[in-house]
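Each position in the sequence shown, counted from 1, maps to that position plus 20 in the numbering used here.
All remarks here apply to the structure that follows.
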Amino acid sequence: MNPYILATLLFGLGLGTTITFASSHWLFAWMGLEINTLAIIPLMAQSHHPRAVEATTKYFLAQATAAAMLLFASISNAWLSGQWDIHQMSHPLPTTLITLALALKVGLAPLHTWMPEVLQGLDLTTGLILSTWQKLAPFCLLLQVQPTNATVLLVLGITSTLVGGWGGLNQTQLRKILAYSSIAHLGWMILVLQFSPSLTFLTLLVYFIMTFSLFISFKISNATNINTLATSWAKAPALTSIIPLILLSLGGLPPLTGFLPKWLILQELTKQGLAPLATVAALSALLSLFFYLRLSYAMTLTMTPNNLTATLPWRLPSLQTTLPLAIASSATICLLPLAPATAALFTW
Numbered sequence: 021m022n023p024y025i026l027a028t029l030l031f032g033l034g035l036g037t038t039i040t041f042a043s044s045h046w047l048f049a050w051m052g053l054e055i056n057t058l059a060i061i062p063l064m065a066q067s068h069h070p071r072a073v074e075a076t077t078k079y080f081l082a083q084a085t086a087a088a089m090l091l092f093a094s095i096s097n098a099w100l101s102g103q104w105d106i107h108q109m110s111h112p113l114p115t116t117l118i119t120l121a122l123a124l125k126v127g128l129a130p131l132h133t134w135m136p137e138v139l140q141g142l143d144l145t146t147g148l149i150l151s152t153w154q155k156l157a158p159f160c161l162l163l164q165v166q167p168t169n170a171t172v173l174l175v176l177g178i179t180s181t182l183v184g185g186w187g188g189l190n191q192t193q194l195r196k197i198l199a200y201s202s203i204a205h206l207g208w209m210i211l212v213l214q215f216s217p218s219l220t221f222l223t224l225l226v227y228f229i230m231t232f233s234l235f236i237s238f239k240i241s242n243a244t245n246i247n248t249l250a251t252s253w254a255k256a257p258a259l260t261s262i263i264p265l266i267l268l269s270l271g272g273l274p275p276l277t278g279f280l281p282k283w284l285i286l287q288e289l290t291k292q293g294l295a296p297l298a299t300v301a302a303l304s305a306l307l308s309l310f311f312y313l314r315l316s317y318a319m320t321l322t323m324t325p326n327n328l329t330a331t332l333p334w335r336l337p338s339l340q341t342t343l344p345l346a347i348a349s350s351a352t353i354c355l356l357p358l359a360p361a362t363a364a365l366f367t368w
């Protein structure tokens with residue numbers, strides 16, 4: 021892609037998110053979300069592969085539906101209450117509709133069905149943008165809109181954690197596994213949103229760091245399914261030893277960074293008298309942990325002399341910069357000792 025066009029599209033992505041961040045009026049927020057969607061569509065379809073075009077079309081239809089729903093709900097709110105202000109949501113009907121529209125935008129279950137299919141059709145760099153940056157603007161609105169009906173968020177959250185766990189169990193494609201991983205993590209964030217918005221922000225931050233590490237690792241080892249992952253030790257032995265730790269951190273195992281947000285969320289849910297919900301969420305994390313362990317097993321325990329269905333790659337030097345990966349993977353693996361300071365900062 022032409023660097024000037026790429027710069028323009030990336031500027032559009034940043035502009036759309038910034039407009040949504042800065043807006044207090046529903047029309048401006050909607051406009052920011054639309055700019056965001058329109059800026060990423062050429063990035064998704066840049067390879068001109070039929071699979072990428074199909075994924076782009078599905079993404080556009082899902083986002084257009086969510087945007088229309090959001091606009092309808094905000095107009096309904098203005099009609100019922102005379103207010104366009106994001107913080108002045110008083111009527112339960114438009115509030116619930118807006119929550120569902122934003123859930124469709126980020127891919128929360130049961131409105132998640134577009135997410136694995138779309139991510140599977142994209143390259144890993146665009147997939148990384150879709151899994152991280154594109155979540156910021158809708159989450160900013162979700163944090164500002166405190167739904168009058170708390171049950172909606174709890175149902176969306178627990179459904180997402182369960183679907184994210186179940187959906188990834190039988191997958192062999194890494195991008196689909198990453199999509200279900202994203203759905204499960206979003207579920208954890210939504211569960212605690214109404215009780216501790218700062219904790220939701222912390223979970224989102226940690227999720228971004230872990231997902232960035234994993235996407236960049238797969239990009240460097242050029243892996244898109246489990247078979248190619250199993251032969252990556254021939255190409256990058258050091259990276260092969262780090263990726264299982266990143267995967268286990270995503271699964272939430274101590275003493276890795278991914279354990280921190282899950283621990284604080286379970287603690288908060290128990291404080292709010294939702295111990296059964298916390299138990300179901302913790303059990304759903306085991307489902308996710310299973311497919312992370314499956315990937316770790318494929319990477320580290322299926323080495324030669326075992327027979328593999330994939331051919332071994334040439335061990336050529338990588339031309340990609342590895343400094344961002346080094347910083348992100350260090351943060352993914354080593355930040356748990358900062359738990360007391362983090363808890364003091366984010367659980368006020």
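In this text, a Cβ means the ideal position worked out from N, Cα and C, and glycines have one as well.
Note that this is a predicted model, so its numbers are computed, not measured.
A contact between stretches requires three or more CB pairs, one per stretch, nearer than 8 Å, and the region 139 to 146 meets this requirement with the region 73 to 87. Within its own chain, the residues whose Cβ lies closer than 8 Å to the Cβ of Ile240, once the five positions on either side in sequence are excluded, are Ala256, Leu259, Ser338, Gln340, Thr342 and Leu345, listed in chain order. The distance from the Cβ of Leu128 to that of Leu194 is about 22 Å, inconsistent with a contact at the 8 Å cut-off. In this structure, the CA atom of Leu113 is about 26 Å from the CA atom of Met135. A residue is called buried once 16 or more other Cβ atoms fall within 10 Å of its Cβ, and Ile266 is buried on that count.
For Gln166, the closest of His111, Gly185, Leu58 and Gln191 by C-alpha to C-alpha distance is His111.
Annotated three-state conformation of His45 is strand, per DSSP.
The three-state reading of DSSP puts Asn22 in coil, since its state is none of H, G, I, E or B. Less than 8 Å separates the beta-carbon of Leu270 from that of Ser201. Taking Leu268 as the centre and dropping the five residues before and after it, the same chain places the C-beta of Leu276, Tyr312 and Ser316 closer than 7 Å to its C-beta, in chain order. Distance from the Cα of Leu122 is smallest, within the candidate group Thr223, Trp99, Leu100 and Leu161, for Leu161. With contact defined as three or more Cβ pairs closer than 8 Å, the region 206 to 216 and the region 177 to 195 are in contact. Non-local beta-carbon contacts of Ile55 in its own chain, meaning distances under 7 Å to residues more than five positions away in sequence, involve Gly32, Leu35, Gly36 and Ile39 in chain order. Here the alpha carbons of Pro360 and Ala204 stand approximately 25 Å from one another.
8 Å or more divides the Cβ of Gly185 from the Cβ of Leu355.
Counting along the chain, the unbroken alpha helix (DSSP H) around Gln164 starts and ends at Trp153 to Gln164. DSSP, read as helix, strand or coil, puts Asn190 in coil. Note: Asp143 is not bridge-paired with any residue in the DSSP secondary-structure output. Counting other Cβ atoms within 10 Å of its Cβ, Phe366 reaches 16 or more and is therefore classed as buried. By the CB criterion at 8 Å, Asn242 and Thr192 fall outside the cutoff. Looking at the backbone, the Cα of Leu120 and that of Ala170 are separated by about 13 Å.
Between Val226 and Pro296, the gap from beta carbon to beta carbon reaches 8 Å or more. Only residues of its own chain outside the window of five on either side were considered, and among them none has a CB closer than 6 Å to the CB of His69.
Rounded to whole angstroms, Pro357 and Ser350 show a C-alpha spacing of 13 Å. Within the same chain, Cβ atoms closer than 8 Å to the Cβ of Val172 are found at Thr116, Thr119 and Leu120, the five residues on either side in sequence being excluded.
Residue burial is scored here from C-beta neighbours: Ile347 has fewer than 16 other C-beta atoms within 10 angstroms and is therefore classed as exposed. Per the C-alpha coordinates, the member of Leu163, Gly187 and Leu234 positioned closest to Ser218 is Leu163.
Taking Pro274 as the centre and dropping the five residues before and after it, the same chain places the C-beta of Leu356 closer than 7 Å to its C-beta, in chain order. Here the alpha carbon of Met21 sits roughly 13 Å from the alpha carbon of Ile61. At a Cβ-Cβ threshold of 8 Å, Lys155 and Val126 count as neighbours.
If you draw a straight line from the Cα of Gly147 to the Cα of Lys196, it comes to about 10 Å.
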